[in-house]
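Chains as they are written, first to last, in this note's numbering: chain E, 2 to 650; chain V, 11 to 131; chain W, 60 to 543. Please read the structure below before turning to the comments.
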């Protein structure tokens, strides 16, 4: 089967080609089925690949296939070739699996949209590009996939281009991403000039053999690549595009801006783990950026009223965790969280899509409420996913998040401060997620008559997808139960061959410094307990604020008072809480972090650069007067300068 | 050195004599019915005195261009004619070369003719 | 007087002869046979192009020199000639889409196009400065006519006149440069001048000034900053197929001569000389891209973009290696394809009887109304911006790679930054095509078969060169000038 690995990206590409040529004439259903089936076939092949890979001997779980030579210039050569190892297989499974489910969901969600065919073409194209990214065996092909997913993301954010804001959001995403890509590209240049090759296997082999820990070139490469990761994975300070990217259709937010594309940065760091391990300084930067992003985005999440915006900031925060994991050298933990996050965040987004579907495309949670009764399937799946993201023991998010937090404390790169940032962020996560659940699904519906009349559960194609993802959110963590629970962490074990070079480098480095990493289980239990307590505190606070106090007047005379008074009271309680508890935090996050740092400082810088270039363009343009005399004058000026320079200097 | 220049001097003298003779003879025998147009110096049909920036028919340009073109071609004939005999002994290449040249000229002539460049109206 | 015929090797100019012959047929035939359709004239031109192509292929690898060394039929010249042929071929196809009678006379148009091509071929297939100069003049005069061939339009005439005036101005410098080089070295052949410089060093006012003047003359043709001022006006005013042909062809020929010049005359070892080219390349890239951002007329925007692309190509010259040469040829071919393609879409969408729809706003929503043209435009724009997997990306990669290997890291960094800037305005076209509602009803007549065909070819080529580049690159690697 391994020889047929090229089938995996081929199927989505065929879908693109077929729907581009014939899709415009076909019925929605046919287009949707073709779009989904191609991804399903890729998923099937990926599963078969996994089975094949499992059969390979312990330390040779790697397979390379070169299709043909792509670019060959002098000493430089790039191939169209794939590298299949545990890491890429996991990514392939996540990508094809999640997108298969989301494609099915989209058949229902996009029903009746006049861009139905276009949507499926772009989505298939995205899957194709994402598969290239994770399957490539060299940096250049990876970069192609990297640019490809960026392009699809851009096209899909601006999918409903009729609204100017959407098109602008698409543009913003693309431009911010280009900043990251610039760093990534420079990193690739530097890799080529350093190693003389861009093939993964060769580069990592040469890096491990020829360079020692702390080498300046390695640090430079690692940092440049990290700039790319920061852009794509929406980390501080380049995260600004992601909240805007929610302008796209919800399945797009679920697939591209939550489950797969935005995690490409994490994949890239994990893929180049050897280089990062050789550059502890860069790792520290990575860890700090990750931890700060995790808590920063989480605090903003509290203040948002747009259901998709909350999830967007949550995504930024969760990717912060993955980056943090990579930064403390716990690559497999990062990938583990990437996978579980793909499940529960896709589920949350699709749930949000389902809610929007019911609410006539409104996203403001202030007009929602009580939806539990109207759409039970959406509610239950959303709740399961929320439990997973909050890190309730037993759910998938718990295992992966706990692993990251433990590593951020105990790893030789970790320390207490990283841990506390992560732990507090976990509490805030639980708080805002449950706030979302309580406000959206509990209480009474606050929408106006017109909208309220149309509230309904979503069609089967959508709820089935929700249940699949919710199921995965619950059980997805069991493949990686840490040793502390007696699980032996099969997931980490499976990934070991990918990171064995890094492990060896670390061991030899530690042997020099005489650093001991072994920490007792009792400490791990304690930390886990503390985190769990913080999470419970977050949930409790949310419960207190959005359920308990709302019902406080109701305790006295629950079913007697009119509905509007309940609503009014809730509003009142919110005010008090705001003033006493939330406001100080909110002020900081809202006015300082969001309105100032986010909107003014970072947006301003990005827009300002664009403005500067345009200003330069406008002023240079005025030289172009249209008079031949002036043209000749400029010409002569050039002549004089050039002659002076060449002849006399 | 000086001896080489003698034929040129002779040529110069002959030219002066012929030109002076012709002008003198026409002056002697030509009928004279002067009017203002006839008395004005010849300027290819233009008013000799007046504003420099006047509009005049674009056809003058076309005629002038054709003149320059076909006149200059003759200059190319000359060096060719000088070595013609010598090179002809080495093969017909020199002949073909000039035929190509004349052929190209002919194409230009045809074009000018068919486009109506040779007619005033 | 001792006379002998030089070694002629007449077959070394078969391509030029074929083209001249067909140019004559195209211009003479309609004089005798009336009411010839322009499609037939185009067909005749294409036949000429195809024959010329085969005669070029025939010369491949023979390394013929003809006319006593005045014509050099090396692979270098053949590779460039083929690129120009492709450009002319596409331009002929594009011209079929213009409004009937817009050019007043299609036979003139096609014959001038073929003559311009002859000029290009002459320029690249000689090391003799005078032959190069004659080629340049054949090219320039044809282009002056072509730029103004829409006689009834003021902007077209303005373009033609501006191009002519400034062109004559620049030609003066070129000629002066040739004279100075001749005065200093006693030869008008680049190889001989090269030998002189090898012996006496790249120094002395005459040699240096001559080289600089030559550079100036060529810079004008290739539209390097600050000799680029004519470009936007001329590109905007000239008929679209002509603009397309000019932007790729003339640039290519000027670069080919510059490459020969740099390779045989001025070894890039003299630091000042390199820095001058470095600065010109940097300015050309930057000015082109930055000003392009401020444009709202698509054709004018592409004119500035073409200046920027001249800058990218100059980076390859600076590399001064065989890798750089092959990269330039590769990029030039890609550029020919994507640029002619983009201009093709412009001439298609702007093809209306009353006015050309050239403003960015006119393109709003056209992507869905005309899916084929929209898709093609998107691909060309992505390629121009250098987004993989298009040929534009691979081409830029080759160019920058060759410059990096020659040690010009900073120039490459600026180049990459420039291509980031350029993404902004290229993608703006795509945004307008796909992400805005049309503001007004833009009437676009049916595309002619020729245009659709040209777009298809260009599109497939751009993608193919992006995905399977190595076979193309290997071909161009055989076409580099050998080490002196």
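For glycine and all other residues, C-beta sits at the position ideal for the given N, C-alpha and C. These numbers come from a predicted model, not from an experiment.
- The distance from the Cβ of residue 235 (chain E) to that of residue 317 (chain E) is about 5 Å, consistent with a contact at the 8 Å cut-off.
- Between residue 380 (chain E) and residue 442 (chain E), the C-beta spacing is below 7 Å.
- Interface criterion met: the Cβ of residue 70 (chain E) is under 7 Å from a Cβ in chain W.
- Think of a sphere of 9 Å around the beta carbon of residue 495 (chain W): the chain E residues whose beta carbon falls inside it are 162, 163, 165, 168, in chain order.
- Contact between the stretch 348-365 of chain W and the stretch 313-322 of chain W is absent: fewer than three C-beta pairs spanning the two stretches fall below 8 Å.
- In this structure, residue 343 (chain W) places its C-beta atom within 7 Å of the C-beta atom of residue 284 (chain W).
- For residue 225 (chain E), there is no enclosing beta strand (DSSP E); the residue is part of the alpha helix (DSSP H) that begins and ends at 217-233.
- Contact annotation: residue 199 (chain E) and residue 453 (chain W) have beta-carbon atoms that are not nearer than 7 Å.
- Apart from the 5 residues on each side of it in sequence, residue 425 (chain E) sits with its Cβ closer than 8 Å to the Cβ of 296, 535 in its chain, given in chain order.
- The Cβ atoms of residue 264 (chain E) and residue 503 (chain E) do not sit closer than 7 Å to each other.
- Between residue 444 (chain W) and residue 451 (chain W), the beta carbon gap of about 7 Å places them in contact (Cβ cut-off 8 Å).
- With a minimum length of 4 residues, the unbroken runs of alpha helix (DSSP H) contained wholly in the stretch 412-466 of chain W fall at 425-428, 430-444, 450-464.
- Partner residues in the beta bridge of residue 131 (chain W), as assigned by DSSP, are W:124.
- Within chain E, the residues whose beta carbon sits less than 7 Å from that of residue 292 (chain W) are 627, listed in sequence order.
- Among the bridge pairs identified by DSSP, residue 72 (chain E) is matched with E:79.
- Remark: C-beta atoms of residue 428 (chain E) and residue 539 (chain E) approach each other more closely than 7 Å.
- Three or more pairs of CB atoms, one per stretch, sit closer than 8 Å, so the stretch 177-189 of chain W contacts the stretch 240-251 of chain W.
- Relative to residue 464 (chain W), the option among E:195, E:27, E:176, E:644 whose CA is nearest is E:195.
- Nearest in C-alpha terms to residue 166 (chain W), of all of W:96, W:131, W:409, W:372, is W:96.
- Taking a Cβ-Cβ threshold of 9 Å, the residues of chain W close to residue 117 (chain V) are 83, 86, 87, in chain order.
- Interface annotation for the stretch 258-280 of chain W against chain E: 264, 267, 268, 270, 271, 272, 274, 275, 278, 279, criterion Cβ-Cβ distance under 9 Å.
- Contact between residue 458 (chain E) and residue 375 (chain E) holds: their C-beta atoms lie close to 7 Å from each other, under 8 Å.
- Every alpha helix (DSSP H) of 4 residues or more that sits fully in the stretch 452-498 of chain E is shown, in chain order, as 461-476.
- Below the 8 Å Cβ cutoff, chain W contributes 86, 87, 90 as neighbours of residue 121 (chain V), in chain order.
- Within a 10 Å sphere around the beta-carbon of residue 75 (chain V) sit fewer than 16 other beta-carbons, which makes this residue exposed.
- For residue 636 (chain E), a Cβ of chain W is located within less than 7 Å of the residue's own Cβ.
- Within the stretch 143-208 of chain W, the complete alpha helix (DSSP H) segments of 4 residues or longer fall at 165-183, 188-206, listed in chain order.
- For chain W, none of the residues of the stretch 532-552 of chain E brings a beta carbon within less than 9 Å of one of its beta carbons.
- One finds nothing in chain E with a Cβ atom closer than 7 Å to the Cβ of residue 318 (chain W); even the nearest lies about 17 Å away.
- Beta-bridge analysis with DSSP links residue 126 (chain E) to no other residue.
- DSSP, reduced to helix, strand and coil, places residue 65 (chain E) within a strand of the structure shown.
- The three-state secondary structure of residue 625 (chain E), taken from DSSP, is coil.
- It is roughly 24 Å from the alpha-carbon of residue 84 (chain E) to the alpha-carbon of residue 326 (chain E).
- In this structure, the straight-line span from the alpha carbon of residue 131 (chain W) to that of residue 181 (chain W) is close to 10 Å.
- Runs of the alpha helix (DSSP H) lying entirely within the stretch 245-318 of chain E, each at least 4 residues long, are 251-255, 265-272, 274-278, 281-304 in chain order.
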